[in-house]
Structures are given as C-alpha cells and as structure tokens.
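In order, the protein sequences belong to chains V and C. So for the first sequence, the working numbering puts the first residue at 1; every next one is plus one. So for the second sequence, the working numbering puts the first residue at 418; every next one is plus one. Ideal Cβ placement from N, Cα and C applies to all residues, glycine included. Fair warning: this is a prediction, and the values are worked out from it, not measured in the lab.
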Amino acid sequence: MSDFSEELIRSKTEDDKEESCVFSGTGMSFPWLQKHIGTVETGGKKEKDFAQTTSACLGFIQEALLKHQWQQAADYMHSYFQILEDSDSHKRQAAPEIIWKLGSEILFYHPKSSVETFNTFADRMKNIGVMNYLKISLQHALYLLHHGMLEDANRNLSFHLRTFSLWADEDDYAYNTASQNMFDHSWKTSVNLRALIQTPGVWDPFVKSYVEMLEFYGDQDGAREVLTNYAYDEKFPSNPNAHIYLYNFLKREKAPREKLISVLKILYQIVPSHKLMLEFHRLLRKSEKEDHHKLGLEVLFGVLDFAGCTKNITAWKYLAKYLRQTLMGNHLAWVQEEWKTRKNWWPSFHFSSFWAKSDWKEDKALACEKALVAGILLGKGCRYFRFISKQDDQVLRKKIKQIKKSVKKHSVVNPGL
Amino acid sequence: MDFPSSLRPTLFRTGPLGLSNVPDMSFMCSWRDTLTLPESLPKNSENGAPHLSTGLLWEPETPGPLPLLPPGPDPWDPGVTAQDLLFRGGFPFRRKPQAVLDVTEQLSRFLWDHGDIAFAPLGKLMLENFKLEGARSRSKKKTVVSVKRLLQDLGGHQPWGCPWAFLSFRQRRFSILGGPVLGKSVASLLGELLYEELATRWEQLLLDDAFTGGALAWVPGRTAQVGQLVYPAGGALDKLCFQEVSLTPGGDPQALGDPGHIQLQGPVRQVVTRTVQGESLLAVRSDYHCALWKVSKQGRPAPLQVLQVGKGATGISLSPHLPGELAVCSRSGAVCLWTPQDGLQQVYKDPETLVFCDPSPWRWADFTAHPRVLTVGDRTGVKMIDAQGPPGCGLLLFRGGAEASCQKGERVLLTQYLGECSPESLHPTLHLICTQFSLYLVDERLPLVPMLKWNHDLPSAPLWAQLLPPPRPGCPQPLLLGGQGGHLQLLHLTGEGASAPRLAGPPQSLPSSSDSLSAFPLLEPKSQWRLQERLKAPTIGLAATIPSSASEPVLSLFQLSVAGDVFYQRLHLQADPGPNSCASTASWTPQATACCSRWLKALLKVPPAPPVWAAPTFSHRRLLGRMEQREVEPKGPEALRAAMAEGRLLRQRDLGSLPSAEPPPTPEPGPEDELSTRLEAAWEGQLATWWERQQGRSSGPGRQPKRRKRRTQLSSTFSSLSGRLDLSDATSPPHSPDRASPEARPRPPVTPPSQESTQELWARDVPSERQQTLRDYMARLPLQGDTPQGVSLPLSQTSSIRATPSRPQTLPDGTAELPPRRKTLRGATVSSSQTSSIRATPSRQQAPVLSGSQPHRKKPRMGF
C-alpha cells in the first residue's frame, strides 16, 4: 500500500515537471510562453484556484520588491505563508526556501525591521523543513556578522561545526563567508578547510586565511603546497588570484628570481594586463638570460595593448627606456617582431592626434614618454611625435630636445623608405 | 590593471545545462550580494554595520513614460498574436494547456479566401473534361461531363457550415469523388509550407531577435544638455530619423524642430553610436545591410560606407577603442572586423554553435579590453577570439552549462562589453551576458566563472542593456536592462579597483509605457483598445543618458516602440538614502496629462490600419449568371411568360435583363454605405473629421457624391437591380474590391465566359501569381510579425539580392562600398532631383508597401 502511494506521488511530481517545461521546437525555454498560451482559450485542466492565487501572490511580492515597496511586500508576504498548507507536496516542499529568500530580502531592507525581527523570522524558518535548517542558520549568521554581532553568530553556528563538512559541496556564499570567520582561528577546522579548498572552485578568502593560518603555525611547506595546488590544479578555473597568492607567498619566502619568473610567466599568459606585469618586467630585465630580456619587451608591449592600461605612465616609461636599451643592444629584430602585429592598430589606438592633444593637456610627462615611443616606432613623421615636439613648454623644453635626439638615433623606421 | 584581490567563493562545476527547469531561486536574494566580503569587515566593524546603500533608488518623476514626439502618420497594427496561431480546441486529457499551431484553420481560411488560387490549377487541368454550359455531350467518349446542373444546384451560395443546407445528389456525388483529389493536392502542397511559416511566426512571437541591441541611440551633442536621438520611423521602419533633443535640468526633454531623416532601403534593426577619440560614429544594421555614418560636431551625419550581408546580419558593434572599427556578424556564422579604410577581415567562421547544438543562426560579436580580441556569441555561449591569432583558436568566456549554473533551456540572448566607461568605474574587462532567466557579469580575465549572477525574472526577452556612468563620483553605476515587452530593470553595480563587482542595492523595476494608460483621458472602447494596444507595442530600442552638469543627477530614459513611438521618463537619484527611504508614488502632473492628451489627439487622427483580414464572400452567381445571361437575355420576357404559364416560381435568372452581379451582402461595410462609415467614424471619435470631409466633398466641384449617395441607397434597396449599374468609379476607395474588380475591367464580349475568366486570371504565369497571392495572403492574415510592411520588405530585399548575385558584396566573400542614399537632413536643403531619384528608385521597396496597405481584391472564382 505504502509502495503504491509512493509510486503515485512520484509519478505525479514527474508529470508536473514534464508539463511545466515550456519549450519551443528549439529546446529553448520561454518564461513568457505561458502568458501567450493564456490568451488563447485552450482546453485542458486549469490550475487549481489556490495555485493560481499563490502564484499571483508571489508575483505581487516580487513586483513590490522590485519597486522597493517594502511595506507592501511585507503585507503580501503575510498572505503568502498560506502556501505552507498547500496540498501539493511538491509545492509545499519548495515553499520554505522561497519564503526564506523573499522574507529575508524584505526584512533586510524594510525600514522598520530590526535585528530582533530578523532573528525571530530566521529562528521560525529554521524549524520549517529539515533541509533548510543549515542554510538558514548560515545565512542568519552572515547577517549577524554583518551587523557586527560576532558572538551571536558564533553561538548560532557552533552547533553546526561538526556537520559543516557535509556542506562543503554546497555552493553557498553565506556558508563560505560565515564559516571563514568562524574557523580561521581554529586549528581543528583546518582539515575541513583543506577538504573544501581541494574541491574545484574559487576559494580565495579561504585559501588566503588558511595559508595565513599555516604560516602562523610555521608550516611553510604546507602553505606552499596548498597554494601550488590551488594555482596549478587543472580542475580549477584559471583564477589569476591563485597565481598572485603563490607569487606573493614566494616573494615573502624570498624565493629565487627564477622561481618568481616562472610563476609570473603563467600569470602573464592569463592576465597580460595585470599590474604585476611591470614587476615581472623588472625581474626579466634583471635576469641574465637573453630570452628573458626578449620576454621583458613582449610583456611591456602586452600591457599597453589593453584599454585599461593606456595611461599607465610607468609602463610607457619602461617601454621608452627598454626600447632604447634593446635597440642599443642590437636587438632590432625583437622590436620588429613585436611591432609587426601592432603596427596596423597602435598608431590609431595610442598615437592619434586626438591622444596627442588630450595627453598633452592632461599629463605632459605621459605625453613625453609616449612621444618618444611613437618616434622610435613610427619615425619622426608620426603625428603624435610631431605634435609633442612642436610644443613649446619651458619646463619640458630640455626633455623634448632629448626625445628628439633619441628618436633620431634609435628610430626603427628606415628614413630612406 | 587591478584584479579583484579576493573573489567571491564559488564551486566550479563543469557539465551541461541543469536538468531541472525549476527556476533557480538562489540568485533572487540581493541582500547577500550587497554585503561586502568579510575581509573588509574589521575596518567597518568599528562603526557597526558596514555602509550599505539600502536606499539606493532612482525615483521616476511620473508613474509612467510620456510621449516625446507626436505619433507617426502611418497606421499601425499590433499584428500577429498567439490567438491567431494557436489551436483553440481542447485536449481533454492534458493536464495543462499546450501550444499547438493551428494549421487547419489557416488552411481552411486560405481555401475559402483564395479558392481560386487553391483549386484553379487543378480546375484548369480538368477543364477539358468538364463542360460548363450547353447541352449534354453527344460524343461517345465519356470523358467530358457537363456540370451545368451541378452549378445550378449550388444556386449561388455554398452551404458553409450550415447543416441544413440542401445538398443535391449531384453535389454529394461530386464532392465525394472530387474531394480527395482537390483536397489532397492543396493540402500536400500548401500544408507543409504553411506549417513552416506558422512555426516561424510563432517563434518570432516568442522571441524576435531582429532588434537585439536596440534601434534607438543617443548621440551626445556639443553640450551636455543637447543631443540627438537616432531611431527608425515610418511604417516599415526604413526612415532613419535624427531628432535633436534638449535636456533641461528642471523640465522635460524637448524635441527641437523636426527630425532630419535618411531614407533607407530596408527596415532598421539596430542603431549603435559611440564616441571614440572625440569622433561620433553611428552604425546601423538592417536585415541585409549595414551602414556607417560619422556624425559631425554640428550633429550632421556623413555617410562612410555601406556593407551588404548576403546571409543576413544579426549584430553590429562599434569598437570603443579604434574610431570607425566595427564588428559585424552574419547568419552564416561569420564574424568580421570592418574598417572603412581596410575593408572586411573575417575573424571567425563557424556555422555550428559553440557549446552544444542549437538551431538558431543568431550570432553576436562585441569588443573586449584588448582592441584585437573580440567576443563571439551565439545562443549557447560566448568565446573570445584573437583577430590576429590563427583561425579557430579562442577561449570560451561563457559557457551555457554547469559553470554558470544555467538551467534547462537557458539560452544567451544578449552579450555586451561593459568596459567603455570612465576609469573610476567598473573594471573595463567586464561583459554582460543576458539569458531569458538571468544576467551574468563575466570578467574576461577569469573566463567561465561569472562574477555576478542575478535572476532578473523579466517577463519578456531582455534584448537591450546599457551601463551608465556613475551619477556622482563614488556612486554605483546604473545598469539598465530592457525587455521586449517594455519591461525595464535597473541594477546598481559597484566594484572598482581591488573589489569584485557586486550589486550595491536591490534592483528596481521602472515603469513601462503601459503604466502610462492612466494619464490618458478615458475613451470609448474602440479607441481605448487602440490606445492600449499602442502602449503595449513591443519595445525595439532603449537609450539613456545622465547629463553630467546637473547638480542633482537626472536619468533621462528614452524608449522606442515598434509602432514608432518615442516615450521618455526622467528618474531622480534619491537624495538622501535615509533609513526611512521608501518608494514614494509619483503622480501625474497636469502638464503630463496635457501632453498625453495632445499625443492621443494626434494618434486618433491617424487612420486606423486597414483590417488585415476580412471574411470572404462566397459567390459564383456572378459567373454563372453572366454565363446564362447571354443565353437567357433575349428570351427574358418569354421566360417570364413561361413561368407564369407553368405556374412555377419566377427565378432571378429567368429575368435576363436583371442579371445578378450583385454579390451577397458582405460583412464589411462598403464605402458607399454612408451611414455605416458615419457610425464607424462616430465610434472612433472622429465624427468631426468625417463631417469635415463630408462637407468638403459636397462643397467641392460637382455634386458627384450626392448623386452617388442616392444611387447607393437605391442600389442597396434594389440590390438585384443595381448589379448591372456600374457603381465603381475611379474615386471609389479601395474598400469595395468586389464591386470594382470584375465589371470594371474591359473584356472582349465574344469569349465564352468560362474561358474568359480562365484567361483573365490564369493565362498569366500561374506559379508566380500563386506565390504572390500566397504571400499576400500571409501578409494579410493577422499573422504579421512587426509591421504591416515588415513582411513584404524582407521578401523584396531577398529578391533584390537574388537578382544581383554577381555583386561581390556578401559578407563572407568581400565588401563593396556604395554610399548610402542621403535624402533629407535637418538644415540641409533637399534638391528635388535627389528626392525624386530616390522616390523613383526603390520600386522594389514601395511596391510591396503599397500592396501591403491596400485591401486586397478578391478575384472571380472558377466554377468549382
């Protein structure tokens, strides 16, 4: 008998799922399809009155939330609790989560809401449905943490410390952030934290805290291992922070330059625009290897390719200096190689007359560095260089003269052509 | 550039889309998002709770948007609805209603409306076996059958849907024998095509991606207070308008003067503007063409280039880095970089979709923080492509799958590069990706893992988005999200420097144009319905700007509807986000209601769109009557006498002099019927204009209308008598095609009637005629996608492209530049020759427009 009724329930929910999917022939689902169908009087069984009412109520709550009408939303929410009495078990089970999410949203923003109200609501919600107990507890703790109530949050969570590893697979920000504060001073939790950060994902705050903890206890090898895994495990997304953390750790450890370069090389491949790239360039410049010198030039060009870095005066300064250095070192081919892929767009991207005027107006030092680079790469006929070299500025007169001289000496453009 | 020093923790899962189609509720909670990461807590914990802008709110000035420009002169019809496409019958065993396309009804409508088209070819084939007149065939061969009696039995009317209609045995026999042959050929030929067409229309109704990106753009002017709106106008959306608008800090936006316009050769689908290095550029996408203009400081556009896209363009983007550089995508799956100097460069080509198989040919491309790297998107994902790298390489930026916890059936609808704002704003590496359920912010430096996900829950497809600069230094940036149904959502994004992007407060919804209904005076039901439909017209473009000079930031938001209406609303950033900040309800000002009334008055002056479909009239009496008329005519009096003598009923056809060319009373009112037009005008609230028109007519030269009126009255009184009178004169409006069509045409009198009508209709190229009529039929049915003309235009364009296959301008192959036709611009004088040359040239465009707006003429039917 019990088997039979279970069978019934299962088939019913499966049925529901199948029918609630609203697809076209392409496999795409359209949330607004039901609205279109609703305009046509089709046959078939209509939703129960109660179901219609509850879905309308949910709509009202969402609308009020989006209009920031917290009081109205609260009023509607008051009615929505009735869904907990729904005879449809599927809906009844899903209801507490919706109520918690919308309710916490309302209480978070409602002008008359207080921490006490939130606490009461959270405590009540925790007791509806076992599945929600943990989630709500953790989000509640997050709320308390953000209201500076560390003690309460701790008390709230302490019960669940044992069970939290069950939670490690749950992708929940509240859990993560809340737990971090709870655990980062507790050696006991290290095992669990370790398990968590070995799961593919982005665990920046935990990795940081965990490494801090390991370093605090003097476990340098453990910390390095954690960071290396976090950076190089292929199952993880290519998170630039993983490499940055590793690099910073190695730097703290005073690791050899070669090691640092190898870490930054990978960061360079992922994020060539990162501000550490200038540090990378410095390391490469100081290196003895010739291919590192070549890479040093590549890195500088790479940084300046990006829209967010065009006004980075340090990068331009480095490039101007390094170009001269490279050319003096008889490595014209390196420059030409880098320039080959950029010559058709760098002139209008960096060295247009618009930028000449605007850079000169905003930052004369930047304009001078760029003019030097432009002169070397494009020759003295280029608009940017011409504009800057024509400027008559008392302070920079000497500098501009120098630039003219270096351009004359180093320009990669064959004046005969 | 800085990378966020600590990212939000997330689990990284790989795999396909979620199997569950239950909406994911976990991204509905904004409060957890607005909280900063705990590592910044110690700093904040001194002063208790961290600073949260809970009261962040853009308050609308009015409860709904207001019209900015008067309505256009072209009538607009809402077009196809679900009711026109879906089957209305019941499925008693289904638990929930389902969408089933109703092909049978459309097919039967077609058969009734265009039976001549459907059956004539067969009839023509069988003509030699049937005899329409004369006595029984004397030949021994039994291959010719006389159907005279059969036609007589029909008696002029077909018993459509009437169960008590009299069916003679002849009729019954004929329909049993002929039915399978006649029905099958039509159904098999047409049914498939019709189903295909209906399915396309239905898909279009669910998601019309042609306007992705939006067809409205704001070009900033010389000062912050003045700018230009660029948008398409006209019934076919083929007139690109440039309307100067002034934004005064205190008052409503004002349209300055009349808009300048450029007449294009196709409907405008997307308008993009960008100011790069002080140069304002304007790119326009039509179905098969893309064009680029440079807008001068004075606001005058100068054409740069036109590109023809053979397979159809789906998206166009202007580079934020290099002036004049564009990315164009084609339905063929090709993405090209396009500069006026260097022409086209194909960057990517793959007819397949990126992540999994999806039939949609929609492609999209945008730029990234690296000027040589583009994003290429389709329904399944987004990829980053290096234009200089080897072909085929790239890195997936977004994958429709478990990585972004996508749900079943989720598809990418829009991708946009958000990195064009000022340096103190969000990271210039962020991309917005919208699906029908959620929006994602993805950083190109950390592919596949969204930095932010928000369940937007819009009730229509989000096809346009705009990131605005921060209204004040340090304020979160507003991100506008617009749905096709006019729904608007505003998100507050923050996260510069070393912090990750996040929501700075709960998102808010903005009023849509259907909220403006309350500002209009109450009308009689028909006009009210028309107004309502107009306000509900799908949105096709969105533009917003925050003039920087104003002391209090004001967001001006413009919305373009498919009916061509531009509405605006102004939003104020709530001054002090205090604890008691709550949305106050805006109310209508007298100026606002006056503005709406003026607009409404202008709208009601626009003639309503002609009915897209009218019930057909069934009669072959005309044909039969004429046929018999010649025989019977000389013996009219005799027939009467005979009838008298025999004591039988005098039938109409017995009286040869009183032929029966008058069709049976039609449900549509003829133009001669003054009473009904007057009633109709009164019903529409246009009695005054009707009266004026009437006055003007009667006071005009001649007393033609008066006489005509009398004649009309007569004709309706003695309908059987008036048939022979030629009522159709040249001035008769095209409302009564029945009266005008057969009789008005000169015809040789000696041809046998059956053959005559055959020749008249079918001696011409039958297949093409049939095609055209089918097309007309499809255009006329209430099945139209966006505009009444929208259907015929692409068709004409296709044919135009087909006609010139030798042109090397298709997108994948190469480019050819022809300057866009410049017709009228504000301030520029129009030379008449230019105008006329343009008027004369786009014949392929105008012809369908005309045919589209004219009610169609019913043709005489064959005898079957």
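Residue i classed as buried or exposed, judged by whether at least 16 other C-beta atoms fall within 10 angstroms
i         : result
His678/C  : buried
Ala566/C  : According to the sequence shown, residue 566/C is Arg rather than Ala. Answer is exposed; the Cβ neighbour count stays below 16.
Tyr232/V  : exposed
Pro1150/C : With a pLDDT of only 39 at Pro1150/C, under 50, the local geometry of the prediction cannot be trusted, and the value read off the model is given with reservation. Classification of Pro1150/C: exposed, given that the 10 Å Cβ count is below 16.
Pro918/C  : buried
Arg271/V  : Residue identity differs from the one stated: residue 271/V is Val in this sequence, not Arg. Buried, since its Cβ has 16 or more Cβ neighbours within 10 Å.
Asn330/V  : exposed
Trp781/C  : buried
Pro455/C  : In this prediction, Pro455/C has a pLDDT of 41, which is less than 50 and means its spatial position is unreliable; what the coordinates show is noted afterwards. It is buried - the Cβ of Pro455/C has at least 16 other Cβ atoms within 10 Å.
Tyr834/C  : buried
Cys309/V  : buried
Phe586/C  : exposed
Ile850/C  : buried
Phe420/C  : buried
Trp346/V  : buried
Glu116/V  : exposed
Spatial distance of residue i from residue j (CA atoms)
i        : j        : result
Thr199/V : Ser113/V : 38 Å
Gln402/V : His873/C : 58 Å
Tyr322/V : Ile376/V : 11 Å
Ser352/V : Pro807/C : 28 Å
Glu290/V : Gln715/C : 55 Å
Leu214/V : Gly222/V : 7 Å
Pro942/C : Ser348/V : 60 Å
Short Cβ contact (8 Å threshold) for residue i with residue j
i         : j        : result
Leu654/C  : Ala700/C : no
Trp1285/C : Leu905/C : There is no way to answer for residue 1285/C, as the model of chain C reaches only from 418 to 1281.
Ala730/C  : Tyr765/C : no
Glu97/V   : Ser447/C : no
Tyr857/C  : Leu847/C : no
Leu473/C  : Pro964/C : no
Val689/C  : Gly630/C : yes
Tyr384/V  : Ala365/V : no
Ser978/C  : Ala961/C : no
Leu368/C  : Asp519/C : Nothing can be reported for residue 368/C, as the shown portion of chain C is limited to 418 through 1281.
Thr427/C  : Val202/V : yes
Leu283/V  : Tyr318/V : no
His281/V  : Val299/V : yes
Backbone secondary structure at residue i - three-state DSSP
i         : result
Met543/C  : helix
Lys311/V  : coil
Ser423/C  : coil
Asn119/V  : helix
Trp70/V   : helix
Asn127/V  : coil
Cys1012/C : helix
Val40/V   : coil
Asn330/V  : coil
Ser973/C  : strand
Ile963/C  : coil
Tyr217/V  : coil
His410/V  : helix
Asn872/C  : strand
For residue i, the residue or residues it bridges with in DSSP
i        : result
Phe784/C : Leu791/C
Val562/C : Phe547/C
Thr911/C : Arg919/C
Lys800/C : Val793/C and Leu813/C
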